[in-house]
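Residue numbers (the numbering used here): 1232 to 1285.
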Amino acid sequence: FDFKTRFQEIVQGKFGVLPQYRIIKEKGPEHMKIFETKVYVKNKYYGSGRGKSK
1232 FDFKTRFQEI
1242 VQGKFGVLPQ
1252 YRIIKEKGPE
1262 HMKIFETKVY
1272 VKNKYYGSGR
1282 GKSK
């Protein structure tokens, strides 16, 4: 199950726009980066997460 795609579908259906993802921090060596990202919908903050890919 692809949570990011499902989230984008819900946001687009409800608000008519796609969410915006902003990388706020990168940690680790180049080959093992961890990205911390915040998500916004119509400039309102909805949450954050961390992962190995953008």
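Ideal placement from N, C-alpha and C gives every residue a C-beta, glycine not left out.
With a cut-off of 8 Å on the beta carbons, I'd call residue i and residue j a contact; round off their distance for me.
i	j	result
Thr1268	Ser1279	6 Å
Val1272	Phe1246	6 Å
Take residue i and list the residues in its own chain whose beta-carbon comes closer than 6 Å to its own, dropping the five residues that flank it on each side.
i	result
Thr1236	none
Gly1259	Ile1265
May I have the straight-line CA-CA distance separating residue i from residue j, to the nearest angstrom?
i	j	result
Glu1257	Val1270	16 Å
Met1263	Ile1255	17 Å
Tyr1276	Arg1253	10 Å
Glu1261	Asn1274	30 Å
For residue i, I'd like the list of residues in its chain whose CB is within less than 8 Å of its CB, leaving aside the five on either flank, ordered along the chain.
i	result
Gly1282	Ile1265, Phe1266, Thr1268
Take residue i and list the residues in its own chain whose beta-carbon comes closer than 7 Å to its own, dropping the five residues that flank it on each side.
i	result
Leu1249	Gln1239, Val1242, Gln1243
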